[in-house]
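Counted the way the numbering used here counts, the sequence shown spans residues 300 to 653.
So the structure is just underneath, and the comments pick up after that.
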Amino acid sequence: MKLLSIYFFGIFAWSLLVSSDDISTSADVPKITNAIKMHNWNEIFQIKDLTHSVQTHRKAPRFMMELYDAVADSNGTLKSTKVLEGNIVRSFEGAGSYHFFNLTSFRPDECVIRAEFRWFRHQQPFMGRHHFYKVDLYEVMDGRPKPWRGNLISSRLLPVYTKGWELFNITQMVTKWILNSGTNNGILVVTALPAGDWFESSIQMKVHFDAIVNSLLGQNITTSLKLLEPIASLVASTMRNRRSVRTLTSTCQRTNLYVDFTKIGWSGWIISPRGYNAYSCAGSCPFPLGEGLRATNHATVRSIMNALKLSQEAGRPCCVPDVLHPISLLYFDDEENVVLKQYDDMVAGSCGCH
300 MKLLSIYFFG
310 IFAWSLLVSS
320 DDISTSADVP
330 KITNAIKMHN
340 WNEIFQIKDL
350 THSVQTHRKA
360 PRFMMELYDA
370 VADSNGTLKS
380 TKVLEGNIVR
390 SFEGAGSYHF
400 FNLTSFRPDE
410 CVIRAEFRWF
420 RHQQPFMGRH
430 HFYKVDLYEV
440 MDGRPKPWRG
450 NLISSRLLPV
460 YTKGWELFNI
470 TQMVTKWILN
480 SGTNNGILVV
490 TALPAGDWFE
500 SSIQMKVHFD
510 AIVNSLLGQN
520 ITTSLKLLEP
530 IASLVASTMR
540 NRRSVRTLTS
550 TCQRTNLYVD
560 FTKIGWSGWI
570 ISPRGYNAYS
580 CAGSCPFPLG
590 EGLRATNHAT
600 VRSIMNALKL
610 SQEAGRPCCV
620 PDVLHPISLL
630 YFDDEENVVL
640 KQYDDMVAGS
650 CGCH
């Protein structure tokens, strides 16, 4: 089996959900609305075309399954950020008698972090006096996989009676292939004893990619507006008789919101998880806003302005997620390549009045 795995950061794109109120009423409205909903789902998950249900009979490579288990739990919740250098792992199945991997799906805003060619060697039968064999890794230069026509990448002497994965660093070569796909003619592995006998091998390739992202690290400002506290207390005391008693369950809090990929129609291509709890935020943000409501300074100002009726435009603060967590998905893409991808801001970690 020949396999290529690719790690890289993807630019996360959110789309604006279109309400059915914005669509003219007609007999086709349900169909149009469903199409728009699916389009937005596809935009969120950065899927090119899932208008048809992707059904595949291929199995995910074992090392991709193990990688998913190391990164996320059964619900897709991220367990560790130290396993991956990027947030996407793509695995491509090679084709041909030598090892060619199609890398044309990469975007211009992606660059290589690290590239590894993973070669699995089987334990060999008794070879008499031979205890080692030689492995040569060549870059095929002109589409004709002959060692003397290739560019030697690496050469190793390996013990005959052991098995396992051998890793070859091919970062420079893969970077060149990404920049100029015309130079990608594949990789040839020559495995031989001194006498020239060849062995069978199973090839895997693992390549790490990253996106070029310029960002400014923002400061987490947690200071509160102390001057507003006496005003809030005064307004609260004058309104206490007019305010109905609110229980804890009616105030802003996090509630369950399970996303079932089967109901969406994605069970045929998502390998794991089968669904996840995105959580939702519901409840009121009553005046005065207590510490338990995790209110922002802006929400506090709005709450006071609304309570004093100082502005008709100052509505009440809303209960929304204030901490969001990522999830990881393992799935088949449109080309039936196995992809492990981390999606940011998919789970409401906590709720607050904003």
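We put the beta carbon where it would ideally sit given N, CA and C, even for glycine.
Since the model is a prediction, treat every value here as computed from it, not as a measurement.
Excluding sequence positions up to five away, which residues of its chain have a Cβ less than 7 Å from the Cβ of residue i?
i	result
K462	R420, H421, Q422
I452	L436, Y437, E438, F467, I469, M472
I569	F560, L628, Y630
T482	K475, W476
L402	W476, I477, S480, N483
N450	Y437, E438, M440
If residue i sits next to residue j, beta carbons under 8 Å apart, how far is it from one beta carbon to the other, in whole angstroms?
i	j	result
A594	G651	6 Å
Q641	N386	4 Å
V622	Y578	Actually they are not in contact, since the Cβ atoms of V622 and Y578 sit about 10 Å apart, beyond 8 Å.
Within a Cβ cutoff of 6 Å, which residues of the same chain sit near residue i, ignoring the five residues on either side of it in sequence?
i	result
D632	V638
A359	I570, V637
H597	none
L492	H429, Y432
In the DSSP assignment, the alpha helix (DSSP H) including residue i goes from what residue to what residue?
i	result
D372	Here D372 belongs to no alpha helix (DSSP H), and DSSP marks it neither H nor E.
T561	560-563
Are the C-beta of residue i and some C-beta of chain B separated by less than 8 Å?
i	result
L628	In summary, chain B is missing from the structure at hand, where a single protein chain is found.
The beta strand (DSSP E) with residue i in it runs from where to where?
i	result
V473	Run containing V473: none in the beta strand (DSSP E); it sits in the alpha helix (DSSP H), 470-478.
F631	618-631
C580	579-581
E438	431-438
A359	That residue, A359, is in no beta strand (DSSP E); it is neither H nor E in DSSP.
V638	637-652
A613	Here A613 belongs to no beta strand (DSSP E), and DSSP marks it neither H nor E.
G567	Looking at the DSSP string, G567 is not in any beta strand (DSSP E), and its letter there is neither H nor E.
P407	Where P407 is concerned, there is no enclosing beta strand (DSSP E), given that its DSSP letter is neither H nor E.
N450	450-458
Just mark residue i as buried or exposed, buried being the case when its beta carbon has 16 or more other beta carbons within 10 Å.
i	result
T554	exposed
F391	buried
W418	buried
T522	Here T522 scores only 31 on pLDDT, less than 50, and its place in the model should not be relied on; the value that follows carries that caveat. When all chains shown are included, T522 counts as exposed.
F400	buried
W565	buried
L456	exposed
A261	Not covered by the structure: residue 261. The range shown for the chain is 300 to 653.
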